[in-house]
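Novice:
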Amino acid sequence: MELKSTIIFQKNHQALQGPERFIVNEGGSRSSKTYSLCQLVIVYCLQNKGKVVSIIRKTFPALRATVLRDFTEILKDLGIYSLEAHNKSEQIYTFPNGSMVEFFSVDDEQKIRGRKRDIAWCNEANELYFDDFTQLNMRTEHKLIFDYNPSDNSSWLYELPPDDTVLIRSTYKDNPFLPQSIRNQIEDLKRTDEALYQIYALGQKAVSKSNIYSNWTFMTHRPARFTSYVYGLDFGYNHPTALMRVYWHERDIFIEPVIYESYLTTTMLIEKMGQLNIEKEVTILADYARPEIIAEMVNSGYDVINANKVVKKGIDYVKTFGVYCMENKDIKREYDNYKWKKIGDHITDEPVKLFDDAMDAVRYAVTYIKDEYFTDSAYVSF
Ligand SMILES: Nc1ncnc2c1ncn2[C@@H]1O[C@H](COP(=O)(O)OP(=O)(O)OP(=O)(O)O)[C@@H](O)[C@H]1O
Ligand SMILES: [Mg+2]
Numbered sequence: 130m131e132l133k134s135t136i137i138f139q140k141n142h143q144a145l146q147g148p149e150r151f152i153v154n155e156g157g158s159r160s161s162k163t164y165s166l167c168q169l170v171i172v173y174c175l176q177n178k179g180k181v182v183s184i185i186r187k188t189f190p191a192l193r194a195t196v197l198r199d200f201t202e203i204l205k206d207l208g209i210y211s212l213e214a215h216n217k218s219e220q221i222y223t224f225p226n227g228s229m230v231e232f233f234s235v236d237d238e239q240k241i242r243g244r245k246r247d248i249a250w251c252n253e254a255n256e257l258y259f260d261d262f263t264q265l266n267m268r269t270e271h272k273l274i275f276d277y278n279p280s281d282n283s284s285w286l287y288e289l290p291p292d293d294t295v296l297i298r299s300t301y302k303d304n305p306f307l308p309q310s311i312r313n314q315i316e317d318l319k320r321t322d323e324a325l326y327q328i329y330a331l332g333q334k335a336v337s338k339s340n341i342y343s344n345w346t347f348m349t350h351r352p353a354r355f356t357s358y359v360y361g362l363d364f365g366y367n368h369p370t371a372l373m374r375v376y377w378h379e380r381d382i383f384i385e386p387v388i389y390e391s392y393l394t395t396t397m398l399i400e401k402m403g404q405l406n407i408e409k410e411v412t413i414l415a416d417y418a419r420p421e422i423i424a425e426m427v428n429s430g431y432d433v434i435n436a437n438k439v440v441k442k443g444i445d446y447v448k449t450f451g452v453y454c455m456e457n458k459d460i461k462r463e464y465d466n467y468k469w470k471k472i473g474d475h476i477t478d479e480p481v482k483l484f485d486d487a488m489d490a491v492r493y494a495v496t497y498i499k500d501e502y503f504t505d506s507a508y509v510s511f
């Protein structure tokens, strides 16, 4: 049987024959970790009869959309996929020699505490808690395999016993099957955010810095290429209310502050938006913590919708764009002071809730832009 494989497959294949219990695939985006491990599981099952392999991820929908899809695709490419062998209600695939692969998520208590397996592979293993790992470790006979991007500052994965672990590092450069457009997007992180570049392009843990954003360019004029935009709106009273116009063009955004002012009542805000000719047909992404203000704005004819407020995701989204911003002292102050919360020396994934009004408004707008206009499979999500 011919297998088109990368060097990452070969390294894992070798590690599977070795004495170490843990095989750790730490790497950047699109380095062929997941694909190679699917191939590895298939080869293992074909060559060994009566084995049980568990493939686990934090949530099942994510597992289905990635590993399960690659797994069946590879079997189909090899011409050995059988519909009858695939029990879709249990999500178990059984090979003719009796070896089987089961797919489940860590919330599936029954499976996690269930019967023993020979090999466990945890995909995106950094999403799992140490407790999940402990459970799996107790009920796995032979080997545990992990793959992840080293995006966390600290993790149980970084503390596995070195003498019982094979560490396989990888980057997109190890994957010759990747289209140039994807390589370009990964390389582009160098321009948009150093920390993301380090993690997703180089596959290395980023040196933690407390400043959330870097690499923004402040300018006195908006370049003509920026024409499409939406608004992000964060309500305040003692804090400023921030209304930001956020343009996007290819992989860049341009931020233009429109309102940044404390002590605005709802009536004053709506009046001000009228004076500033804020278009009623342009979407405004607003903080849903204040539904009564949103309701009044909608009554006045504005197209206001609830913003997605998932903080870490929103910040990571902003980091995948080249950010240009209209020269403005308030925004500059927020940018300079917007930092991750620190506990001792440990930098958390949570921003300090200070100087974040414009930053929140920008994040609401960018989360919408990214989810609405950049979901195409041609765009890598990090
Ligand atoms: N051996 C291969 N043969 C053909 N295509 C491959 C092979 N390995 C990887 N690819 C292609 O490269 C893409 C990226 O690989 P993969 O998803 O395994 O990367 P990854 O390291 O898991 O990335 P991420 O960290 O983003 O999850 C795959 O979707 C597949 O299209
Ligand atoms: Mg993967």
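Every position in the sequence shown, counted from 1, becomes a number in our numbering once 129 is added.
Every residue gets a Cβ at the ideal spot worked out from N, C-alpha and C, and that includes glycine.
These numbers were taken from a predicted model, which means no experiment stands behind them.
(1) Among Leu398, Gly227 and Ala254, which one has its Cα closest to the Cα of valine 235?
(2) Below 6 Å, is the gap between the Cβ of phenylalanine 262 and the nearest heavy atom of ligand 1?
(3) Please tell me whether glycine 451 and arginine 298 are closer than 7 Å, where the distance is taken between their beta carbons.
(4) Is phenylalanine 306 a contact residue of ligand 1, with contact defined as CB to any heavy atom under 6 Å?
(5) Using the Cα positions of glutamine 239 and alanine 436, report the straight-line distance between them to the nearest angstrom.
(6) What does the shell around ligand 2 hold, if a residue joins when its beta-carbon is under 7 Å from any heavy atom?
(7) By how many angstroms is the C-alpha of serine 429 removed from the C-alpha of leucine 405?
(8) Following the continuous alpha helix (DSSP H) through lysine 162, name the residue where it begins and the one where it ends.
(9) In whole angstroms, what is the alpha-carbon distance linking asparagine 282 and glycine 208?
(10) Alpha carbon to alpha carbon, what distance is there between phenylalanine 200 and tyrosine 287?
(11) Measuring alpha carbon to alpha carbon, tell me which residue in Leu204, Asn367, Phe484 and Tyr329 is nearest arginine 159.
(12) Would you mind working out which of Val172, Ile221 and Asp478 sits nearest serine 183, comparing C-alpha positions?
(13) So valine 375 is in the beta strand (DSSP E); what residue range does that whole segment cover?
(14) Are the CB atoms of leucine 325 and lysine 448 within a distance shorter than 7 Å?
(15) Which runs of the alpha helix (DSSP H) at least 4 residues long sit entirely within the segment 370-444? Give them in chain order.
(16) Can you give me the Cβ contacts of tyrosine 277 inside the same chain, cut-off strictly under 6 Å, excluding the 5 residues immediately before and after it?
(17) Closer than 7 Å by C-beta to alanine 487: which residues in its own chain qualify, once you throw out the five before and the five after it? Chain order, please.
(18) Between the Cα of tryptophan 285 and the Cα atoms of Ile274, Lys205, Tyr258 and Gln176, which residue gives the shortest distance?
(19) By the 10 Å Cβ neighbour count, where 16 or more other Cβ atoms means buried, how is arginine 198 classified, buried or exposed?
(20) Could you round the C-beta distance between tyrosine 502 and tryptophan 377 to whole angstroms and report it? I think they count as a contact, below 8 Å.
(21) Threshold first: 4 residues or longer. Then list the alpha helix (DSSP H) segments lying entirely within the segment 233-284, N to C.
(22) So does the segment 213-220 actually touch the segment 260-271, counting three or more Cβ pairs closer than 8 Å?
(23) In terms of alpha-carbon separation, which member of Asp237, Ile444, Asn177 and Gln264 lies closest to glycine 227?
(24) Pull up the DSSP beta-bridge partners for proline 480, would you.
(25) Less than 6 Å between the CB of arginine 159 and some heavy atom of ligand 1, yes or no?
(26) Compute the Euclidean distance between the alpha carbons of aspartate 322 and methionine 130, then round it to the nearest angstrom.
(27) Which word fits alanine 249, buried or exposed, when buried means at least 16 other C-beta atoms lie within 10 angstroms of its C-beta?
Specialist: Reading off the structure:
(1) Ala254
(2) no
(3) No, Cβ-Cβ distance for glycine 451 and arginine 298 is not below 7 Å.
(4) yes
(5) 36 Å
(6) Lys162, Thr163, Thr195, Asn252, Glu253 and Asp276
(7) The straight-line gap from Cα to Cα measures roughly 14 Å.
(8) 162-176
(9) 42 Å
(10) 27 Å
(11) Tyr329
(12) Ile221
(13) 370-378
(14) Taking 7 Å as the cut-off, the beta carbon of lysine 448 is found closer than this to the beta carbon of leucine 325.
(15) 395-404 and 420-428
(16) Glu253, Ala254 and Asn255
(17) Ala371, Met373, Pro386, Tyr389, Asp459, Ile460 and Glu463
(18) Of the candidates Ile274, Lys205, Tyr258 and Gln176, Tyr258 places its Cα closest to the Cα of tryptophan 285.
(19) exposed
(20) With a contact defined as Cβ atoms closer than 8 Å, tyrosine 502 and tryptophan 377 qualify at about 7 Å.
(21) If we require 4 residues or more, the alpha helix (DSSP H) runs fully inside the segment 233-284 come out as 238-241 and 259-267.
(22) no
(23) Among Asp237, Ile444, Asn177 and Gln264, the Cα nearest to that of glycine 227 belongs to Asn177.
(24) Bridge partners of proline 480: Trp469.
(25) Relative to ligand 1, arginine 159 has its C-beta within less than 6 Å of a heavy atom.
(26) 43 Å
(27) buried
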